[in-house]
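Residue numbers (the numbering used here), protein chains in the order written: chain B, 14 to 389; chain R, 14 to 389; chain H, 14 to 389; chain D, 14 to 389.
For glycine and all other residues, C-beta sits at the position ideal for the given N, C-alpha and C.
Just so we're clear, the structure is a prediction, and the values are computed from it rather than from any experiment.
There are 4 protein chains.
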Amino acid sequence: MVIFVTFAQTISKYMKRTLLCLLIAGLSLAGSAQTRKNIQIPNLHGFVTLKCDFHIHTVFSDGTVWPTVRVAEAYREGLDAIAITDHIEYRPYNGDLKTSHNRSYDLAAPVAKAAGIILIKGSEITRAMPPGHFNALFLTDSEELDQPDYLDALRAAQKQNAFIFWNHPGWDAQQPDTTLWWAEHTKIWEQGAMMGIEVVNGTEYFPEAHQWCLEKNLTLLGNTDVHDPIQAHSDFADGTHRTMTLVFAKEATAEGIREALLNRRTAIYNRETLIGEERYLKELFEKALDIKVEKTNNTTVRITIKNNSDFIFHLNKTKHDERLVYFRNYTIVPQGTHVISVRLQDGAQGGDVNFCVENLLTQPNQGMPYSIKILP
Amino acid sequence: MVIFVTFAQTISKYMKRTLLCLLIAGLSLAGSAQTRKNIQIPNLHGFVTLKCDFHIHTVFSDGTVWPTVRVAEAYREGLDAIAITDHIEYRPYNGDLKTSHNRSYDLAAPVAKAAGIILIKGSEITRAMPPGHFNALFLTDSEELDQPDYLDALRAAQKQNAFIFWNHPGWDAQQPDTTLWWAEHTKIWEQGAMMGIEVVNGTEYFPEAHQWCLEKNLTLLGNTDVHDPIQAHSDFADGTHRTMTLVFAKEATAEGIREALLNRRTAIYNRETLIGEERYLKELFEKALDIKVEKTNNTTVRITIKNNSDFIFHLNKTKHDERLVYFRNYTIVPQGTHVISVRLQDGAQGGDVNFCVENLLTQPNQGMPYSIKILP
Amino acid sequence: MVIFVTFAQTISKYMKRTLLCLLIAGLSLAGSAQTRKNIQIPNLHGFVTLKCDFHIHTVFSDGTVWPTVRVAEAYREGLDAIAITDHIEYRPYNGDLKTSHNRSYDLAAPVAKAAGIILIKGSEITRAMPPGHFNALFLTDSEELDQPDYLDALRAAQKQNAFIFWNHPGWDAQQPDTTLWWAEHTKIWEQGAMMGIEVVNGTEYFPEAHQWCLEKNLTLLGNTDVHDPIQAHSDFADGTHRTMTLVFAKEATAEGIREALLNRRTAIYNRETLIGEERYLKELFEKALDIKVEKTNNTTVRITIKNNSDFIFHLNKTKHDERLVYFRNYTIVPQGTHVISVRLQDGAQGGDVNFCVENLLTQPNQGMPYSIKILP
Amino acid sequence: MVIFVTFAQTISKYMKRTLLCLLIAGLSLAGSAQTRKNIQIPNLHGFVTLKCDFHIHTVFSDGTVWPTVRVAEAYREGLDAIAITDHIEYRPYNGDLKTSHNRSYDLAAPVAKAAGIILIKGSEITRAMPPGHFNALFLTDSEELDQPDYLDALRAAQKQNAFIFWNHPGWDAQQPDTTLWWAEHTKIWEQGAMMGIEVVNGTEYFPEAHQWCLEKNLTLLGNTDVHDPIQAHSDFADGTHRTMTLVFAKEATAEGIREALLNRRTAIYNRETLIGEERYLKELFEKALDIKVEKTNNTTVRITIKNNSDFIFHLNKTKHDERLVYFRNYTIVPQGTHVISVRLQDGAQGGDVNFCVENLLTQPNQGMPYSIKILP
């Protein structure tokens with residue numbers, strides 16, 4: 014990755030020669046250059062699949078890293094876009110840090126540009142429950158969101174054409190026993206200020222919120238809400254990936270992401286699980302796999318499945334013609350090729366190999382049904 | 014990877030139904046399908062770079078795995094070709110195992126074919142020092158090599174047009190203090206029965222043998238000599254690779270490999286080190302890297318290096334025009350992009366950025382010199 | 014680990030000097046000495062917790078490694094005991110291998126002794142369903158089990174005082190749709206030849222079989238059924254462990270294990286999950302953790318939990334006094350120390366922090382309830 | 014690890030309920046509790062071996078993390094002591110951050126106390142070459158070091174009884190071609206303001222500086238100089254450790270460390286290498302290993318070596334009685350047990366097994382000689 018040098022703005026006299034050295038040093042010391050790795054995820058027909066994290070903190074609220082670190086992390090993990098969303102109302106370090114709400118974005122922006130990462134300006138409106146926390150994306154001036162009344166804050170975001178979503182709706186610190194929808198949420202939703210919900214926060218999944226998204230046509234989002242260095246949570250080098258929102262965009266730009274979010278073309282990728290509408294998950298599944306069905310003789314069928322993606326798929330057999338004898342459950346590993354055998358019994362000539370893909374959630378806590386057809 | 018099923022040859026009556034189940038089971042239980050990963054290594058102009066291991070054991074000599082395991086390991090690690098080279102004279106399990114010298118090849122061949130791995134028939138002629146151990150590749154009948162006199166064994170291999178090389182010439186069990194060339198080696202070499210030397214065995218490098226190859230025009234080889242499951246030594250999943258011979262072949266076939274070996278178009282890849290002739294290592298280096306040189310102003314030059322390979326390169330500055338100020342040493346990481354800064358001092362307009370690539374050994378224990386030119 | 018040298022039994026004349034060298038070589042080449050690592054699991058009151066795998070194959074049935082490899086793997090992974098249980102009726106390599114059913118044990122035994130691993134002599138009776146496959150442990154002569162009728166095979170094992178258990182009862186190759194208990198199993202059980210069931214095979218859990226164990230007082234077992242090198246399935250170096258049966262034994266001997274198996278003092282450790290009777294899982298949980306409860310003021314309680322084991326525990330809140338506000342779910346990581354905060358509301362002075370430990374299965378698919386008491 | 018909550022100092026009215034929730038949340042969200050792991054390194058006779066890193070940056074100079082992160086990293090990696098040493102003269106973020114030179118220490122101190130990490134107050138005096146950069150440890154007020162003249166800065170540190178050492182003496186940004194000792198260094202050394210040298214910075218070793226330490230009785234130090242999150246450089250979870258100074262202290266306190274530094278009781282641990290005086294490295298080697306020598310018969314000796322440490326040792330045979338036949342080179346792996354065979358030839362009854370431990374550097378780039386005695 015390109016290695017970025019930061020220059021001091023003011024140079025006192027005796028520092029001059031030092032800085033000359035530091036400048037060169039900055040380049041050569043950073044020998045531990047960053048490597049960008051990509052998770053293999055297919056594009057959809059007409060859309061590019063963008064890997065995004067829309068909920069991230071820095072020292073400018075209660076995070077523990079400088080904003081540029083967030084870009085370096087995103088670069089390393091092959092992300093396409095991030096939003097830094099520092100809290101408006103909670104800034105524990107403001108005794109030490111000057112706190113324009115725009116500052117973390119401004120510091121990260123040039124580095125993001127150089128690294129080819131789409132940086133979206135965001136902020137987190139941070140209130141007690143109800144209504145809890147909300148992220149506003151695509152802001153032009155975060156300062157405007159610093160309002161005593163949360164409704165005013167949301168309105169300020171709307172005035173900037175922000176995309177707004179409810180964060181961690183089932184966070185136990187605010188909803189100790191159950192994930193509740195409060196009257197305030199109805200109000201916010203009715204005034205058009207809730208366009209999506211963070212159905213996964215960190216690695217925690219909120220099935221009730223998944224249901225609300227289906228009922229109310231809200232966009233599904235999954236983000237890290239990372240405060241510490243990302244490696245404290247997931248070690249990309251070790252093969253674990255951060256939670257992300259997959260955005261199916263017409264183009265790889267901030268505007269492309271906004272259009273896709275507004276039209277609910279997203280899926281959530283949380284550890285082994287994908288959460289989204291059936292039309293998107295089904296296409297991801299089919300684009301990820303090459304499936305070949307061959308009869309080896311009258312009673313045996315060989316299904317060869319080549320997984321070209323980094324997804325894993327867990328299949329569980331569902332109701333089926335019992336004359337087709339096949340696996341009870343089966344795991345398709347990332348980048349693996351599998352040969353599955355089906356036995357045709359008692360005169361069966363063909364039929365449907367039915368199963369549920371357990372880790373593709375098209376409904377709350379419910380996998381996606383799928384069939385592979387064996388022609389007679 | 015394709016999952017291979019082994020069938021029992023004879024089915025006693027009461028086993029019938031069991032086997033029917035095992036057949037299906039073989040396919041579905043082996044859910045832990047193999048994933049093939051590739052090390053990114055560039056091809057050379059006119060040649061495909063094949064990743065090969067020409068020294069491998071199984072239970073048919075003193076190894077501890079069934080021959081098919083060797084194919085599965087090679088598949089998983091992205092190798093193109095292997096030779097199983099069981100000892101002719103040392104078969105500690107022959108009280109338990111029938112011991113045709115051709116058997117390990119015969120068992121592995123159909124699996125290799127299905128997996129797309131080139132399997133080369135080989136054997137290891139196993140004698141005390143002098144002359145030590147020799148591998149013969151491209152055999153048609155290993156049985157012929159079972160001869161009391163080692164010269165007869167070598168002659169039998171030559172009669173089959175084998176490619177023959179001296180294994181682990183500095184193995185301390187046979188050469189306790191120094192790596193010696195004995196009169197017997199001169200004799201073997203003069204009769205054309207030593208065409209190469211295993212300059213790296215496991216991860217051990219023999220610089221004296223490297224020198225002999227240069228002097229006598231012998232092919233450089235590096236192999237694992239693996240006896241146990243390969244993961245007991247190198248964990249490919251963890252990013253460590255086995256020692257291998259890179260073969261620059263006109264075509265990816267056994268015949269293509271033989272032609273390349275006979276014409277000494279090889280390099281050895283041992284941990285971070287490549288060993289080979291300068292013409293090959295230089296081309297690998299240049300094909301691996303995109304190098305861009307830009308003057309940012311009168312006194313500063315920015316060299317951007319993008320490494321498209323999985324190789325690492327360690328650069329150490331060598332003698333140079335001191336008006337060019339640059340790194341003392343620098344590491345180019347696998348798949349990384351680096352920006353290196355060069356300062357032009359005291360009126361220098363351009364010049365050569367000279368360094369040695371420490372881990373590209375073109376001479377025994379000696380790195381490859383290289384220059385990046387800055388035009389005035 | 015001690016490095017073992019195998020000697021050829023017969024030395025032809027010209028091999029003499031070679032072998033002398035090989036002998037020394039065997040020792041020095043095997044430089045990749047084995048390191049034994051231990052999973053931290055507490056002992057129970059009066060019992061030592063032994064880590065065991067009672068279902069393992071070698072080339073002497075349809076496995077792919079020499080028997081000694083199984084001992085080396087067990088050593089490296091910190092196991093205390095293994096049983097090699099090659100199939101009686103399924104030996105695909107018997108065209109190549111002499112096939113006394115006792116041979117794999119005999120080959121592994123001296124190596125196990127030197128490595129301090131308890132090696133239990135076993136065999137797998139391998140039939141179609143019903144009744145499927147059964148493992149017999151603590152055999153004296155496996156040859157006696159080679160009988161046309163499976164009932165005779167089981168009787169032969171009983172005559173040797175074997176501990177016998179039903180393997181992979183829900184293996185889809187034999188039970189394609191549901192895990193069924195057949196009339197044959199009742200018969201076997203009634204004649205005392207089914208003393209336990211393999212409730213976990215590989216990483217597959219059979220909840221129906223878990224239920225049968227509870228109802229019929231059968232011993233719970235979890236084993237790998239490994240055929241390939243173990244690293245093809247779980248990479249201990251990477252922090253994943255193989256499935257194992259934890260045996261709570263009075264002494265670390267084969268006899269101690271037998272006594273514990275007969276008295277059902279076991280638990281199964283499968284990835285993050287433990288399966289067993291509540292009395293054992295509860296004690297493991299309590300011995301693994303140091304729990305300290307402190308009131309920091311009238312309304313806040315701090316619970317400090319130090320996990321001294323390598324287990325992970327997933328806690329989910331259950332029904333509770335709603336005046337105690339605490340986490341909804343919480344994960345206690347291996348070797349980690351956690352501070353959990355409980356808020357006392359509306360005048361509560363104390364009460365029970367109730368939760369379910371989701372990954373301690375005391376009933377089929379059901380976690381273990383637990384409470385931490387806050388004294389008023 | 015204890016999870017630390019930071020509270021906002023001022024609570025505006027509408028934030029009240031939010032904060033109450035955040036407080037509890039802070040505790041439960043931080044579920045990713047830290048695990049402390051220890052590298053196994055033996056203590057020396059009369060001294061405890063403390064793992065220390067004395068050169069660390071935060072956002073309060075040109076690092077990228079908040080000071081508390083440094084404590085969390087140290088905790089996780091099993092370190093005993095760290096010094097945060099932000100630059101006095103180079104603070105690129107001081108447009109955003111209030112910049113008392115004491116602030117990073119003050120922020121980290123309470124967290125360090127809670128975590129049981131010894132936090133040493135330090136600062137880096139940051140000048141062009143000569144004289145380059147110097148770290149001052151055990152300061153009471155870093156503000157005093159902010160002086161136009163570097164000699165005044167050093168004097169201010171001396172007045173506070175600081176331990177002062179020269180950082181990265183061969184840093185190529187300041188010493189482009191060779192590691193030079195300048196007249197200024199003589200001056201500093203003569204006035205007692207250079208008590209040690211950072212012979213390893215990051216993973217770069219400066220053999221010239223090693224030599225100067227030997228000649229001038231200076232303390233050897235090795236530190237990370239980390240600016241980014243530590244995992245960007247070394248992944249402790251993956252088995253790589255950061256560079257550290259091992260301090261052989263009479264007690265595990267800041268005062269104990271100072272006394273040991275002043276008396277040069279240190280060693281540097283850089284990847285596989287240890288650098289230090291022979292008396293310390295030899296004792297570490299002997300305390301790490303159990304060595305047992307047995308004659309198995311008249312001509313064979315078995316040396317069993319059990320490595321109880323996480324160190325690796327690379328042995329290379331040196332000049333020896335050639336009647337003792339043994340390995341040419343040998344690697345003793347961490348926590349491994351090895352059996353080494355020695356053959357006694359031509360009537361030898363005993364003698365010395367001589368070798369050099371290549372990765373224990375007692376002189377610049379030179380390993381430590383060692384002998385294992387075989388009694389007649």
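Beta-carbon proximity list for residue i, same chain, < 6 Å, skipping 5 on both sides
i: residue 274 (chain D); result: 176 and 232
i: residue 27 (chain H); result: The predicted model places residue 27 (chain H) with a pLDDT of 30, which falls under 50 and marks its position as unreliable; any figure quoted below should be read in that light. Result list for residue 27 (chain H): empty, nothing under 6 Å.
i: residue 153 (chain H); result: 173
i: residue 105 (chain R); result: 75
i: residue 116 (chain D); result: 73
i: residue 222 (chain R); result: 182, 210 and 212
Short CB-CB distance (under 8 Å) between residue i and chain H
i: residue 111 (chain R); result: yes
i: residue 66 (chain R); result: no
i: residue 82 (chain R); result: yes
i: residue 341 (chain B); result: yes
Those residues which DSSP pairs with residue i across a bridge
i: residue 146 (chain H); result: H:139
i: residue 320 (chain B); result: B:302
i: residue 338 (chain R); result: R:356
i: residue 159 (chain R); result: According to DSSP, which records beta bridges pairwise, residue 159 (chain R) is partnered with nothing at all.
CB contact check: residue i to chain R, cutoff 8 Å
i: residue 348 (chain B); result: yes
Closest residue to residue i among the options (Cα-Cα distance)
i: residue 156 (chain H); options: H:146, H:138, H:144 and H:143; result: H:138
i: residue 369 (chain D); options: D:343, D:347 and D:359; result: D:343
i: residue 6 (chain R); options: R:283, R:269 and R:293; result: Because chain R is modelled from 14 through 389, residue 6 (chain R) falls outside the range shown and cannot be assessed.
i: residue 302 (chain H); options: H:284, H:385 and H:252; result: H:385
i: residue 353 (chain H); options: B:205, B:313, B:93 and B:186; result: B:186
i: residue 322 (chain H); options: H:350, H:198, H:83 and H:150; result: H:350
C-beta neighbour in chain D for residue i, strict 8 Å
i: residue 335 (chain R); result: yes
Interface residues of chain B facing residue i [CB-CB closer than 7 Å]
i: residue 256 (chain D); result: None at all; the shortest Cβ gap to chain B is about 13 Å.
i: residue 338 (chain H); result: 189
Residues of its chain near residue i, where Cβ-Cβ distance is below 7 Å and the 5 sequence neighbours each way are ignored
i: residue 337 (chain R); result: 355, 357, 361, 364 and 366
Proximal chain D residues relative to residue i, where beta-carbon distance stays under 9 Å
i: residue 79 (chain B); result: 72, 76, 77, 78, 79 and 106
i: residue 284 (chain R); result: Residues of chain D passing the Cβ test: none, with the nearest at roughly 13 Å.
Cβ of residue i within 8 Å of any chain B Cβ
i: residue 279 (chain R); result: no
i: residue 323 (chain H); result: no
Chain-ordered chain H contacts of residue i [CB-CB under 9 Å]
i: residue 116 (chain R); result: 109
Chain-ordered chain R contacts of residue i [CB-CB under 8 Å]
i: residue 48 (chain B); result: 346, 347, 348 and 349
Within chain R, partners of residue i - CB distance below 7 Å
i: residue 244 (chain H); result: 242 and 244
Chain-ordered chain D contacts of residue i [CB-CB under 7 Å]
i: residue 238 (chain R); result: Near residue 238 (chain R) there are no residues of chain D at all, since even the closest Cβ is about 16 Å away, more than 7 Å.
Cβ shell of residue i (< 8 Å), same chain only, five flanking positions each side left out
i: residue 372 (chain D); result: 285, 286, 287, 325, 326, 327 and 380
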